[in-house]
Amino acid sequence: MKKIYLNLILLLAFNGIVFSQVPTCSLNPVFIASNKIGIWPDSATNFVGGTVGISYLQNITVKIPKDTINGGIKFCFNRFVLSNPVGTINYNLPVGLNFGAIPLALQNGTINGAPSFKFPGNANNCAIIYGTPTTAGTYTLKMVVDAYATPTIGTCATNPNVAGGAKVSSQTLTYYIINIAAAAGLKEIGKNSFNLQNIPNPFSNKTTIKFFVTDESIAKLVIYNMLGASVFETNIETRAGDNEYILNADGWAGGTYFYSIKYKNFTETKRMILYNNH
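Just so we're aligned, residue 104 is where the sequence shown starts under the numbering used here, counting upward by one.
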């Protein structure tokens with residue numbers, strides 16, 4: 104058995120196939136509870152930015168309706184397929200980032216050299232962009248979204264046949280942008296910076312927030328979600344030099360959060376990523 108396993112590893116390496124653990128994505132509860140359909144974030148909200156050398160996560164909620172009416176004909180949606188356009192390298196994602204989706208049933212093989220995903224009709228699912236960017240810049244993503252549906256005069260099935268239907272529409276999305284900033288060097292850490300960071304990042308359940316101040320006072324820690332709402336606040340009695348606070352995020356939804364240290368007349372904010380820990 105050990106020999107067979109070793110041969111399998113060598114075979115995968117020879118064919119240039121690399122497997123990595125895909126983080127678990129999470130649904131946006133506000134979008135799910137709304138009467139909107141399609142993809143969240145939308146073009147107005149867009150994707151979060153990142154920084155070279157810092158782990159990146161962007162959750163994408165995909166909400167597919169049960170049916171639609173076009174030209175007086177009722178269509179039951181079987182699936183929507185997300186794929187890489189012809190002539191585009193990996194959706195034009197920043198170098199170091201990739202698309203992923205869990206469960207495995209959402210995977211749709213490889214199209215035009217990049218992973219493709221299928222999202223069943225009448226269902227809510229999610230995908231995720233993850234990795235560690237290596238090159239700064241502004242990246243305009245390119246994604247093909249194909250809708251497959253079946254005409255009917257009756258009632259659409261609650262659980263449609265994902266393999267059935269015919270393509271009824273196709274569009275290429277080119278409005279999502281990811282900005283990757285250059286890595287901050289030590290030269291940028293001065294009197295107007297706390298050298299704020301959290302370790303580990305990304306994390307699950309707990310992370311240690313570290314910062315530096317020059318004297319004893321009170322610092323306020325505030326955690327915000329992606330919508331800008333405060334989800335946690337606390338005061339920290341500081342000491343001159345290095346300070347730290349252990350944040351327990353057990354029970355929080357996975358995703359991107361922002362944390363701020365407010366100290367006297369200065370505030371510094373950083374981004375942290377929580378893996379879905381449910």
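In this text, a Cβ means the ideal position worked out from N, Cα and C, and glycines have one as well.
Source: prediction; values computed, not measured.
Alpha carbon to alpha carbon, how far is Q124 from D345?
Their Cα atoms are separated by approximately 34 angstroms.
Pull up the distance between the alpha-carbon of S363 and that of N282, whole angstroms please.
Taking the straight line from one Cα to the other gives about 21 angstroms.
Which residue marks the beginning of the alpha helix (DSSP H) containing P132, and which one marks its end?
Here the alpha helix (DSSP H) through P132 covers 132–136.
Per the DSSP calculation, M375 is bridged to which residue(s)?
Paired residue(s): Y360.
Would a C-beta distance cut-off of 8 angstroms place Y279 and Y159 closer than the cut-off?
Not in contact: Y279 and Y159 (Cβ atoms no closer than 8 angstroms).
Report the residue from T241, S219, L207, G331 whose alpha carbon sits nearest the alpha carbon of L196.
It is T241.
Compute every distance between the C-beta of P236 and the non-hydrogen atoms of the ligand PLP, then say whether any falls below 7 angstroms.
With respect to the ligand PLP, the structure offers nothing, as it holds no ligand at all.
Put N149 into one of helix, strand or coil per three-state DSSP.
Residue state, collapsed to three classes: coil.
If you check the beta carbons only, do L350 and I312 fall under 8 angstroms apart?
In contact: L350 and I312 (Cβ atoms closer than 8 angstroms).
With DSSP collapsed to three states, give me the class of A395.
One cannot answer for residue 395 here, as it falls past the ends of the chain, which runs 104 to 381.
Report the option in T258, Y348, K323, V316 whose CA atom is closest to the CA atom of R342.
Comparing Cα positions, the closest option is V316.
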